[in-house]
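Following: one structure in structure tokens, then a few remarks.
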Amino acid sequence: MVIDCGTGSHGLGQALIAEGVTRGCLLISHTHWDHIQGLPFFAPLFNPTNTWDICGPKGLSGSLRETLAGQMESTYFPVALESLGATIRYWDLLQGSFQVDDIRVTTHHLNHPALTLAYRLEVDGATIVYACDHELYTQGAADGKARLDGPDLRHAQFATGADLLIHDAQYVAAEYPAKINWGHSTIEYAMAVAREAGVAQLALTHHDPLRTDDQLDVLLEGARATMRESDSCINVFAAMEGQTLEVTHAPESIPATPIAETARHSVDEAERSSQTVLLALHDADVAALFGNAISADPSIRSVNISNVDQVKTAVANTRLSLAILDHDAKHDAFAMCRAIAEARAGDRRRMPIIVVADGEFPGGEQAGIAEWVVRPFSSTYVEAKIAAWVHRGTSRWKKAAMPANEAKRLTKLGEMALLDTPPDPRFDRVTRLASRLFAVPIVLVSLVDRDRDWFKSSVGLELVQTSRESSFSAHTVFEGRTLVVNDALVDDRFAENPLVVGEPRVRFYAGAPLIMQDGSCIGSLCLLDTRPRWFAASDVQVLEDLRDIAVSELEPDQQAAKPVLRKQKSSLR
Ligand SMILES: [Zn+2]
Ligand SMILES: [Zn+2]
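Here you go:
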């Protein structure tokens with residue numbers, strides 16, 4: 076399913092063909108040029124073996140088909156709409172619902188100079204709402220401060236409970252008085268709609284074309300600060316070219332909070348200025364590590380308990396922001412979670428539960444556990460995590476899990492005697508070549524050691540190593556297959572990784588595992604960029620070819636193992 080068909084659909088069409096997609100459904104919001112100009116260049120429509128449905132609002136004059144044919148008249152384009160090779164069916168839509176395979180599509184009119192539809196897509200329990208080219212109905216709603224009502228409220232209700240709302244946000248409230256009746260919304264209004272609708276994620280889009288990326292980043296920071304001030308946990312981001320998002324239904328997503336209640340919370344400075352963390356940690360070293368991390372932040376206090384019986388008193392006496400428990404043979408974190416849930420019954424304020432353990436145990440999510448912290452970890456890691464949990468609920472930085480064959484893998488890496496050796500032209504050739512082929516600024520041959528990621532060869536990076544906790548390649552080693560992260564900022568495993576939020580500000584990662592003949596994965600050949608990127612299946616293939624060259628340098632008689640490597644499936648996210 077493709078929504079709207081601007082110029083970006085050229086690249087999308089090529090990607091769909093490369094993936095062998097032969098049928099699809101194109102939903103057009105309206106026929107302004109920026110939403111249909113890519114249609115004549117959307118290659119899947121030219122292939123006679125393809126079948127596409129094109130749906131759009133029923134126009135006041137002429138059908139959708141006639142309008143689309145207009146921009147392909149011979150004055151403008153060499154191929155007429157009738158000559159497109161694919162079997163194409165056109166559907167003129169009104170407000171209502173229909174089904175496309177397993178996707179439920181519902182439409183709703185927007186406020187725009189042309190007849191425009193918003194789309195609500197529901198599939199597998201997840202909901203995406205696309206509401207682009209929409210202007211707020213009442214001018215007072217531009218700054219997003221007042222509670223929405225009338226048609227603005229009905230507009231928000233169309234997005235109720237969406238897991239992702241993609242919304243027009245062309246202007247900011249200060250610019251709006253000069254843009255009335257231009258057909259677009261303000262960022263502040265889009266956020267008010269998202270809050271009213273209780274959505275999980277808000278993608279701001281239809282960015283003003285005069286704005287630079289840097290200006291957008293500044294606006295986004297402001298938007299996020301506003302969300303934090305209103306105690307909202309909606310993830311706001313600015314949509315961008317080539318971005319990939321995984322949308323799953325968040326069953327615990329909180330219903331919209333009435334404005335009055337939000338206001339009451341935001342003025343309660345006394346509560347905000349001091350956050351309290353409940354600690355139930357039995358291992359002395361772990362308790363000391365967390366205790367030190369908490370005392371390093373003057374805005375956080377802690378309450379220590381040692382058993383289930385003390386939960387009730389602790390919960391009753393303090394407004395807790397976070398609970399950190401441990402789980403081992405002697406201490407049952409699940410029992411502790413049940414006691415906490417019972418003691419907090421009816422309290423809807425956010426309080427994530429974090430559990431320290433030697434591994435992740437099943438049933439954590441149902442028990443209300445937001446995150447497992449798996450030993451070992453450093454004090455830096457704990458400090459960064461606590462700050463994120465306390466201030467935002469969950470941390471968006473995960474260290475990679477340990478591979479099952481970790482001991483064997485480390486032995487193999489040790490035997491190869493590569494760590495801390497000088498640069499080697501055999502590997503430098505591969506990284507230089509990769510940097511040139513993919514036009515990425517950073518390429519590494521990374522070797523994942525016990526607690527660090529050391530670079531045997533690198534292009535474009537001053538660092539010689541990073542911690543294993545922050546290593547992207549540690550994830551590739553665990554997965555044992557090629558890992559592609561199109562945009563680290565929207566990936567919960569990497570968004571708050573120190574290499575993403577700090578230098579070198581990684582946004583894109585693609586790493587192919589270095590797997591030795593004995594099955595040990597010792598690291599990766601990886602590409603990094605400071606901008607998000609789209610990475611096609613054919614790119615994965617080239618990266619894996621280069622990886623095979625690196626592997627054959629690592630183990631000169633690797634040839635025999637190649638067929639096994641070829642079978643590794645790639646994970647594209
Ligand atoms: Zn428009
Ligand atoms: Zn538009």
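The sequence shown begins at 76 in my numbering and counts up by one. We put the CB at the ideal spot given by N, CA and C, even for glycine.
Distance, residue j Cα to residue i Cα
i: A359; j: Q385; result: 19 Å
i: R608; j: A514; result: 11 Å
i: E435; j: G421; result: 28 Å
i: T319; j: I380; result: 43 Å
i: D495; j: V505; result: 19 Å
i: V378; j: I369; result: 11 Å
i: I49; j: L240; result: The structure shown has nothing for residue 49, since the chain only spans 76 to 648.
i: D614; j: G555; result: 18 Å
i: A389; j: Q441; result: 23 Å
i: A237; j: G317; result: 22 Å
i: V565; j: I309; result: 13 Å
i: G258; j: G219; result: 17 Å
i: D524; j: Q290; result: 40 Å
i: P497; j: D503; result: 11 Å
i: E344; j: T351; result: With a pLDDT of only 35 at E344, under 50, the local geometry of the prediction cannot be trusted, and the value read off the model is given with reservation. Each residue's Cα considered, the two are about 14 Å apart.
i: H406; j: I415; result: 15 Å
i: G95; j: G88; result: 11 Å
i: R527; j: T469; result: 25 Å
i: N367; j: R507; result: 44 Å
Rounded distance between the beta-carbons of residue j and residue i, thought under 8 Å
i: L522; j: P579; result: Not confirmed; about 19 Å, so no contact.
i: R582; j: D567; result: Wrong, their Cβ atoms sit about 15 Å apart, outside the cutoff.
i: T551; j: G577; result: Actually they are not in contact, since the Cβ atoms of T551 and G577 sit about 21 Å apart, beyond 8 Å.
i: F365; j: I399; result: 6 Å
i: P427; j: L397; result: 6 Å
i: P123; j: A90; result: The Cβ separation is near 20 Å, so there is no contact.
i: W447; j: G438; result: Between G438 and W447 the Cβ distance is about 12 Å, and since that is not below 8 Å, they are no contact.
i: E210; j: H184; result: Actually they do not touch by this definition, with Cβ atoms about 12 Å apart.
i: M591; j: K487; result: 6 Å
Residue i versus the options, residue with shortest Cα-Cα distance
i: D199; options: A625, K220, D176; result: D176
i: A459; options: E571, V575, S149, P188; result: E571
i: R140; options: C596, L101, E271; result: L101
i: S595; options: S510, L621, P478; result: P478
i: L285; options: Y246, E296, P252, S260; result: Y246
i: T301; options: M315, A269, Q290, D238; result: A269
i: L265; options: L228, T181, D288; result: It should be pointed out that residue 265 corresponds to Ala in this sequence rather than to Leu. Checked all of L228, T181, D288; the closest Cα to A265 is L228.
i: H282; options: T261, V274, G273, R299; result: T261
i: D433; options: P516, L291, P123, A476; result: A476
i: Y251; options: R222, L277, G273, A216; result: A216
i: I650; options: Y584, V626, L618; result: Residue numbering for the chain in the displayed model covers 76 to 648; residue 650 lies beyond these limits and cannot be assessed.
i: A509; options: E197, T287, R622, N256; result: R622
i: R425; options: N480, S307, D401, M315; result: S307
i: F277; options: P188, L192, R299, G225; result: First, the residue type needs correcting, since residue 277 is Leu and not Phe in the sequence shown. That would be R299, whose Cα lies nearest to the Cα of L277.
i: T191; options: F173, A201, L169; result: L169
i: A563; options: Y584, P516, R543; result: Y584
i: D292; options: S305, W108, V311; result: V311
Residue i and residue j closer than 9 Å at C-beta
i: T142; j: R98; result: no
i: S599; j: S548; result: yes
i: I178; j: M76; result: yes
i: P119; j: Q146; result: no
i: S104; j: Y194; result: yes
i: S545; j: L574; result: yes
i: A231; j: E271; result: yes
i: I111; j: D79; result: yes
i: W464; j: A445; result: yes
i: A93; j: A611; result: yes
i: T82; j: G131; result: no
i: C207; j: D243; result: yes
i: V560; j: F553; result: no
i: A404; j: V430; result: no
i: L602; j: M491; result: no
i: A313; j: L295; result: yes
i: D401; j: V361; result: yes
i: F117; j: S84; result: yes
i: A391; j: A418; result: yes
i: A189; j: T106; result: yes
i: E197; j: T182; result: no
i: D224; j: T213; result: yes
i: S374; j: T455; result: no
i: M411; j: A355; result: yes
i: T557; j: L618; result: yes
Length at least 3, wholly inside the region 156-213: the beta strand (DSSP E) runs in chain order: 162-168, 171-175, 178-184, 192-198, 201-206
In chain order, each beta strand (DSSP E) run of at least 3 residues that lies wholly inside the region 402-482: 428-432, 444-449
Ranges of the beta strand (DSSP E) found wholly within the region 498-571, counting only runs of at least 3: 517-523, 527-534, 540-542, 558-560
Alpha helix (DSSP H) runs wholly inside the region 591-618, at least 4 long, in chain order: none
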